Amino acid sequence: NNNNNNNASNSNNNNTQRLRNAQFLYRELPIRVAQRAIDLLTLPHGLDQSRPIRKVAHIYLDYLQTLKQTPFPKTQHDEDRFTDVLTSFVLDRTSIPMDIARGVHTWREERKEE
C-alpha cells in the first residue's frame with residue numbers, strides 16, 4: 007500500500023515538474039526563437055538576402071506567432087497542448103539545416119560571379 011502512495015506521489019511530482027518546465031519554456035522560447043530570426047535577418051555580406059536563409063528566418067517568425075497564440079500552460083491539459091505545439095516545431099525543423107546550407111551555397115555561388 008505504501009508503494010501505491012509513493013507511485014501516486016511520484017506521478018504528481020512528475021506532472022508538477024512537467025508543468026513547471028512547460029511554463030519555463032513558454033517564457034523562454036519566444037525570446038530565443040526571436041533571436042534566431044534576428045540573427046538570420048542580419049547576417050553580414052548579403053547572406054541575409056539569400057532566399058533559403060530568409061525562408062528559415064520566416065519559419066522562426068511563424069514559430070514565434072504560434073507561441074504567442076498558444077495559451078500559457080496552467081493545467082495538465084494546457085501543458086499537453088503546449089507540448090503538441092513544440093512537437094510540431096521539432097518535426098518541422100528537419101528542413102532548416104538543409105535550407106541554411108542551401109542559402110550559404112547560393113550566397114557563395116553569387117559571390118563567385120562578382
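Using the working numbering, you'd call the opening residue of the sequence shown number 7 and step up by one each time.
Positions of the beta carbon are idealized from the N, C-alpha and C atoms, including for glycine.
All values derive from a computational prediction rather than experimental measurement.
- Per DSSP, the continuous alpha helix (DSSP H) segment holding G109 begins and ends at 102-119.
- Here the stretch 60-71 lies against the stretch 92-102, with 3 or more beta-carbon pairs under 8 angstroms apart.
- Going by DSSP, H64 is part of the alpha helix (DSSP H) stretching over 57-75.
- From the listed residues L73, I59, Y32, the smallest Cα separation to L47 is found for I59.
- Annotation: R26 to K80 spans about 9 angstroms, alpha carbon to alpha carbon.
- The C-beta separation of D84 from P77 comes to about 6 angstroms, placing the pair in contact by the 8 angstroms criterion.
- V39 has its alpha-carbon roughly 22 angstroms from the corresponding atom of G52.
- The DSSP-derived three-state label of T22 is helix.
- In the three-state scheme derived from DSSP, where H, G and I count as helix and E and B as strand, H83 is classed as helix.
- Here S94 is exposed, its C-beta having fewer than 16 other C-beta atoms within 10 Å.
- Buried is the label assigned to F88, since at least 16 other Cβ atoms lie within 10 Å of its Cβ.
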